[in-house]
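Below: the structure, in structure tokens.
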Amino acid sequence: MLACVIAGAGIALMPASMLNSMPGHYQVEAWPLAEKWRWLTTWLIWRRGAMTRQLEAFIELLNAQLSSTD
1 MLACVIAGAG
11 IALMPASMLN
21 SMPGHYQVEA
31 WPLAEKWRWL
41 TTWLIWRRGA
51 MTRQLEAFIE
61 LLNAQLSSTD
């Protein structure tokens, strides 16, 4: 993702802490989001038929977290 931004082929949205931990972070300019955009709905998307054990485990963790906050 960051490589595309560095190459001028895109933009990225990520936490500043994540950006700062990535090699090449000094090659991009970061702008904070305005307060009204601070909380957004995030979608988890994957290619049809590409369900892996890791993805299944991640979804299980998300579902467990959601059910524990009900």
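Residue numbers (full-length UniProt numbering): 1 to 70.
Don't be surprised by glycine CBs; every beta carbon is placed ideally from N, CA and C.
Start and end residues, alpha helix (DSSP H) containing residue i
i: residue 56; result: 53-68
i: residue 16; result: 16-20
Distance CB(residue i)-CB(residue j) smaller than 9 Å
i: residue 1; j: residue 8; result: no
i: residue 62; j: residue 33; result: no
DSSP-derived helix/strand/coil call for residue i
i: residue 5; result: helix
i: residue 29; result: coil
i: residue 46; result: coil
i: residue 37; result: helix
Presumed contact (8 Å Cβ cut-off) between residue i and residue j, rounded CB distance
i: residue 40; j: residue 30; result: In fact, because the Cβ distance is near 17 Å, the residues do not count as touching under 8 Å.
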